[in-house]
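A.B. asks:
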Amino acid sequence: MNVALFVPCYIDQFFPDVAISTLELLESQGVSVSFPEFQTCCGQPMANTGCNADAAPVARKFVEMFSGFDAVVCPSGSCTSMIRNHYQEYFAADDERFNQLRDSTFELCEFLVDRLGIRKIEGSFPHRVSIHSSCHGLRELRLGPSSEQMVPRENKLRILLESLEGVEIESIRRQDECCGFGGTFAVTERETSVAMGVDRVQDHVESGSEVMIGGDMSCLMHMQGLISRREMPMRVMHIAEVLAGRPLPSSPAVSAR
Amino acid sequence: MSIALPIVDHPQAAKDFVNNVPRSHWHDDSLWFVRSKRDRQAQSLPEWEYLRETASAIKRHTIANLADYLQEFEANATRMGAVVHWAADAAEHNEIVLGLLRRNETHRIIKSKSMLTEECGLNEYLIENGIDVVDTDLGERIVQLRGETPSHIVLPAIHIKKEEVGETFHQHLGTRKGEADPQVLTEAARGHLRGKFLDGEVGITGVNFAIAETGGIVVCTNEGNADLGVSLPRIHIACMGIEKLLPRFENLAVFTRLLARSATGQPITSYTSHFHGPRDADSELHIVLVDNGRTRIRDSDTFRDSLNCIRCGACMNTCPVYRRSGGHSYRATVPGPIGSVLGPSKDMKAHKSLPYACSLCGSCTDVCPVKIPLHHQLLAWRKVLVGQRLLAWNKRVGMKAASWLFRHPRVFAAAGYSARMALRYLPKSLTHNRLNEWAIDRDLPDPPKQSFRAWYAQNRKNTQAEQSE
Amino acid sequence: MIAEANDKEPSGSKQVILDRLRGRVVESPGLPELDPDRLIRYPDRVSQFCETLKFVGGESHFVDSPAQIREILEGIEVFSAADRIASTFPEAVEPTVDLSQVSDPHLLSTLDWTIVKGEFGVAENGAIWVDGRTLPHRVMIFIAQYLALVVSRSEIVDNMHEAYARIGAPSPGFGVFVSGPSKTADIEQSLVLGAHGCRKLQVFLLP
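Chains as they are written, first to last, in the UniProt record's numbering: chain A, 1 to 257; chain B, 1 to 469; chain C, 1 to 207.
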């Protein structure tokens with residue numbers, strides 16, 4: 001299978017190890033991965049602000065770049081949802097190239113579990129952890145059960161995470177409460193965004209977890225910024241890093257050196 | 001007629017509430033408590049999602065065929081002895097109600113909760129015209145005595161602490177100073193309002209559901225205030241938006257099962273009252289059907305489903321923004337997610353910040369008993385607002401710049417490189433200054449030495465030669 | 001001026017609204033029919049009813065005869081001390097207020113107790129359907145300080161779908177589902193029973 005790696009812009013620039021982990025993880029599962037190197041961004045920041053005219057050319061460029069692969073895999077539920085659920089307005093309903101791309105674009109855990117049928121990752125992570133379920137992965141891609149809906153669903157990130165040896169998953173209060181990132185919301189509604197983020201980190205801290213693990217680095221970046229500024233006793237890791245065997249970051253104060 | 005409303009700046013309006021951390025947490029916890037009760041009720045029914053599905057389909061069907069159902073309703077309600085009035089907008093609604101009161105030489109009315117009359121500003125209008133208006137729902141009465149507006153459509157006084165209610169009641173009802181026991185305060189309100197009920201000359205209620213097939217209306221309350229309010233006076237005026245209609249009597253089953261469970265986590269309201277015509281030959285039942293912008297919403301394929309709303313308030317209880325910023329930060333009759341959809345329909349410019357008061361988490365959409373795709377509608381509003389040039393110019397320009405950048409991968413890579421280098425080598429005082437909204441409360445990530453694309457070029461390019469140019 | 005506005009209403013705004021609606025044809029899905037097999041049923045409707053009633057703040061009593069209702073009520077202090085009692089079920093409780101002599105509902109403001117018969121109960125939510133035609137004054141069930149409803153144990157349906165089917169076509173007048181006593185949580189979400197209506201609700205389940 002010939003898979004293209006879609007690396008969200010902020011991961012490319014600020015969290016390259018998340019992308020490297022994704023690449024290594026996929027390769028370890030026998031997938032041949034390429035990285036279309038002129039990729040930039042899916043256009044979600046513009047689309048979520050309502051600037052569709054600005055998002056449209058970015059979307060078209062994206063489809064051009066990623067067409068022709070068996071699958072496109074992305075270590076972000078939010079960016080995957082942009083392609084799957086919000087790109088259609090930029091393309092004609094019968095645009096075969098887009099439809100094919102839309103149906104073959106996957107979030108990382110979803111790809112591993114649903115497409116490759118993997119339910120066990122070799123490795124160990126002997127830590128107490130908690131899961132941050134990012135909203136778009138949860139409610140737009142349905143990567144797990146959402147607390148509002150009375151619909152049983154498997155949590156794909158959890159299946160993979162709990163297959164590691166030694167991992168202990170703590171449950172948190174308000175399991176799928178939003179962290180308040182929300183893209184430009186984090187800036188336009190800074191105060192509310194920060195209040196939401198601090199509360200969310202606190203929920204993870206109170207669970208007794210050492211590290212919160214999520215599938216969207218954007219949410220984690222927001223919370224990491226708060227953790228670091230307020231010196232809260234929590235660390236963050238992307239699920240790709242955990243599954244690729246990366247160790248726990250040494251210090252809770254991840255940045256601000 | 002359109003009156004220019006003041007422009008709401010949600011982040012600004014939310015500031016004080018959010019930054020009062022203990023209060024914001026208290027408010028958040030109160031509403032989460034209600035949301036949790038809702039979850040338990042939803043879990044108790046295996047058919048919960050089936051009910052939501054059905055409710056949504058019934059509403060869609062009704063809204064599509066609204067003209068026919070309204071006429072059917074009018075004919076049946078008239079047959080039952082009610083008088084049906086039609087109001088194209090809020091002003092006409094208010095005039096109709098005042099006309100009825102004048103005709104009966106009414107000076108004192110008792111009201112139960114109605115978001116429609118809030119929307120129309122009926123209280124203010126009647127008071128200006130010399131009518132004594134008493135809200136009888138406890139929460140509404142508290143808010144009314146304090147000269148405020150409801151901050152939630154089902155829990156009007158959810159933002160007020162019991163000590164504050166105590167102070168208000170001390171001033172207005174003569175309760176002991178410092179009294180803050182909800183039991184005692186409720187008892188005081190009961191005594192106070194009993195007198196008002198007995199004095200009321202006309203009872204005004206909202207309507208939860210109206211049934212085309214039978215010409216009846218249904219009013220749901222927990223306190224029993226609507227029933228008391230209309231069982232004593234001779235005249236009952238019921239005010240409703242035209243979207244409250246249901247085709248058949250049996251459809252009520254679906255909605256009475258969903259409403260209270262979604263709203264407050266009760267299996268049904270304490271009183272679910274069905275009125276078919278007036279009380280007796282000497283009494284009158286007037287039903288005022290109000291459009292006030294609803295037909296315009298119906299015209300829109302994008303926003304039509306917002307007319308499904310049964311005003312349960314579940315989207316407010318679940319909204320992480322609403323819970324922290326408080327209902328008043330929306331400066332709208334209906335706050336929260338549904339309010340942020342309805343607000344711009346009423347006045348786009350005044351409410352332009354509301355669709356952005358949302359992290360797009362989607363919890364409202366999943367909790368909504370009639371399946372309004374709320375967060376997608378909020379996103380859709382953003383698009384409309386940008387199309388109408390109502391987004392601040394700096395954001396518009398920023399997005400244009402981003403769009404250009406994302407279409408030029410080499411410049412994007414270089415810009416990313418510069419940003420990372422700046423973060424690496426510039427002093428924190430420069431990168432984390434007040435102009436960087438992100439960094440006022442959050443540290444920026446530790447900049448890595450190289451981007452993924454640079455790493456990839458260095459480590460994998462040789463094996464993937466066909467990918468490079 | 002107001003009267004004029006009212007006079008022109010029927011021809012004016014009604015037509016305007018209907019024209020606005022008919023001016024935009026909307027694709028209409030059919031009205032869905034529910035599949036009764038997908039709706040909740042309880043193995044023991046009566047115990048489900050009692051459990052739910054308790055949850056909503058009401059109290060239930062199993063009784064075998066109207067006389068037993070009287071007995072239980074007399075054990076309740078606020079009943080034995082009651083002065084003004086309205087009842088449409090004299091087999092159990094003789095009224096002290098003759099409702100046929102009351103022309104103005106306001107005169108019922110000092111009612112202590114009301115005892116009336118309900119038509120049937122609903123297991124899923126503890127509600128009892130009271131048909132307004134059985135009430136000489138509908139206010140009597142809302143204005144009394146305490147309320148007792150009598151319903152037959154064999155008249156409990158599973159859910160609201162069965163309930164509405166049972167009511168059938170409503171006739172002119174009034175009907176109400178009563179589920180527990182009057183209540184409010186408007187002050188800091190603290191539940192207080194007895195907001196405006198009855199402070200407590202007793203439900204007597206006859207065979």
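We put the CB at the ideal spot given by N, CA and C, even for glycine.
Which two residues bound the contiguous beta strand (DSSP E) that contains residue 146/C?
C.D. replies: 146 to 152 is the span of the beta strand (DSSP E), which, as asked, contains residue 146/C.
A.B. asks: Please report how far the alpha carbon of residue 351/B lies from the alpha carbon of residue 60/A, in whole angstroms.
C.D. replies: Approximately 32 Å between the Cα atoms of the pair.
A.B. asks: Would you say residue 199/C and residue 193/C are within 9 Å of each other, going by their C-beta atoms?
C.D. replies: Going by C-beta atoms, residue 199/C is nearer than 9 Å to residue 193/C.
A.B. asks: Using a Cβ-Cβ distance cut-off of 9 Å, determine whether residue 206/C contacts chain B.
C.D. replies: Not one chain B Cβ lies under 9 Å of residue 206/C.
A.B. asks: So, for residue 468/B: in the same chain, excluding its five sequence neighbours on each side, which residues have a beta-carbon less than 8 Å away from its beta-carbon?
C.D. replies: In this prediction, residue 468/B scores a pLDDT of 38, lower than 50, which makes its location untrustworthy; no coordinate-derived value is stated.
A.B. asks: Which residues of chain C have a Cβ atom closer than 9 Å to the Cβ of residue 64/B, listed in chain order?
C.D. replies: Correct list: 25, 26, 27, 28 and 29.
A.B. asks: What is the C-beta distance between residue 89/A and residue 215/A, in whole angstroms, given that I count them as a contact (C-beta under 8 Å)?
C.D. replies: Actually they are not in contact, since the Cβ atoms of residue 89/A and residue 215/A sit about 25 Å apart, beyond 8 Å.
A.B. asks: Mind checking residue 291/B: buried by the 16 CB within 10 Å criterion, or exposed?
C.D. replies: Classification of residue 291/B: buried, given that the 10 Å Cβ count is 16 or more.
A.B. asks: In chain A, which residues lie with their C-beta within 9 Å of the C-beta of residue 43/B?
C.D. replies: What residue 43/B touches in chain A: 150.
A.B. asks: Would residue 171/B pass as an interface residue toward chain A - the criterion being a Cβ-Cβ separation below 9 Å?
C.D. replies: For residue 171/B, the answer is no, since every Cβ of chain A falls outside 9 Å of its Cβ.
A.B. asks: What residues in the region 381 to 413 of chain B bring their beta carbon closer than 7 Å to a beta carbon of chain C?
C.D. replies: Answer in chain order: no residues at all.
A.B. asks: For chain C, check one thing: does any of its Cβ atoms lie closer than 9 Å to the Cβ of residue 377/B?
C.D. replies: For residue 377/B, the answer is no, since every Cβ of chain C falls outside 9 Å of its Cβ.
A.B. asks: Against residue 164/C, what residues of chain B qualify as contacts under a CB-to-CB distance less than 8 Å, listed in chain order?
C.D. replies: Near residue 164/C (Cβ distances below 8 Å), the residues of chain B are 249, 250, 252 and 253.
A.B. asks: Do you know how far the Cα of residue 141/A is from the Cα of residue 29/B?
C.D. replies: Rounded to whole angstroms, residue 29/B to residue 141/A spans 28 Å at the Cα level.
A.B. asks: By the three-class DSSP mapping on this structure, what secondary structure does residue 433/B have?
C.D. replies: Residue state, collapsed to three classes: coil.
A.B. asks: If we ignore side chains and look at the alpha-carbon of each, how far apart do residue 471/B and residue 227/A end up?
C.D. replies: With chain B covering 1 to 469 only, the question about residue 471/B has no answer from this structure.
A.B. asks: Do you know offhand how far residue 385/B's Cα is from residue 348/B's?
C.D. replies: Roughly 7 Å between the two C-alpha positions.
A.B. asks: Assign residue 282/B to buried or exposed, taking buried as 16 or more other Cβ atoms, counted over all protein chains shown, within 10 Å of its Cβ.
C.D. replies: Per the 10 Å Cβ criterion, exposed.
A.B. asks: What's the call for residue 264/B, buried or exposed, on a 16-neighbour Cβ count within 10 Å?
C.D. replies: By the neighbour-count rule (16 or more Cβ atoms within 10 Å), residue 264/B is buried.
A.B. asks: Which of the three DSSP states is assigned to residue 330/B in this structure?
C.D. replies: Helix at residue 330/B.
A.B. asks: At 9 Å on the CB atoms, spell out the chain C contacts of residue 50/B, in chain order.
C.D. replies: 34, 35, 38 and 39, listed in chain order.
A.B. asks: Select from 284/B, 429/B, 330/B and 46/B the residue whose C-alpha is nearest the C-alpha of residue 230/B.
C.D. replies: Closest option to residue 230/B, Cα to Cα, is 284/B.
A.B. asks: Hey, would you say residue 210/B sits closer than 9 Å to residue 73/B, going by beta carbons?
C.D. replies: Cβ atoms of residue 210/B and residue 73/B: closer than 9 Å.
A.B. asks: Decide if residue 215/B is buried, meaning its Cβ has at least 16 other Cβ atoms within 10 Å, or exposed.
C.D. replies: Buried: at least 16 other Cβ atoms inside 10 Å.
A.B. asks: Would residue 437/B count as contacting chain A if we go by Cβ distances under 9 Å?
C.D. replies: Yes, residue 437/B counts as interfacial toward chain A.
A.B. asks: Assuming residue 86/B contacts residue 17/C (C-beta within less than 8 Å), just tell me the rounded distance between them.
C.D. replies: Confirmed, about 6 Å.
A.B. asks: CA-CA distance, residue 4/C and residue 95/B?
C.D. replies: Unreliable placement is indicated for residue 4/C, whose pLDDT of 42 sits below 50; the coordinate value is still reported in the next sentence. If I take the Cα positions, the gap works out to 10 Å.
A.B. asks: Answer yes or no: does any C-beta atom of chain C fall closer than 9 Å to that of residue 162/B?
C.D. replies: By this cut-off, residue 162/B is an interface position.
A.B. asks: For residue 163/A, which residues in the same chain have their Cβ closer than 8 Å to its Cβ, ignoring the five residues on either side in sequence?
C.D. replies: Correct list, in chain order: 119, 120 and 121.
A.B. asks: Does any CB atom of chain C fall closer than 9 Å to the CB of residue 271/B?
C.D. replies: True, the Cβ-Cβ gap to chain C drops below 9 Å.
A.B. asks: Taking buried to mean at least 16 other C-beta atoms within 10 Å of its own C-beta, is residue 21/B buried or exposed?
C.D. replies: It is exposed - the Cβ of residue 21/B has fewer than 16 other Cβ atoms within 10 Å.
A.B. asks: On the criterion of 16 or more Cβ atoms from any shown chain inside 10 Å, does residue 168/C qualify as buried, or is it exposed?
C.D. replies: Its Cβ having fewer than 16 others within 10 Å, residue 168/C is exposed.
A.B. asks: Is there at least one Cβ from chain A nearer than 9 Å to residue 456/B's Cβ?
C.D. replies: So, interface residue.
A.B. asks: Along chain A, in chain order, which residues have C-beta atoms closer than 7 Å to that of residue 450/B?
C.D. replies: Neighbours of residue 450/B on chain A, chain order: 16.
A.B. asks: Examine chain B for any beta-carbon lying closer than 9 Å to the beta-carbon of residue 134/C, and answer yes or no.
C.D. replies: So no, residue 134/C is outside the interface.
A.B. asks: Given that residue 46/A touches chain B, what residues does it touch there, using C-beta distances under 8 Å?
C.D. replies: Those within 8 Å of residue 46/A in chain B are 399, 402 and 403.
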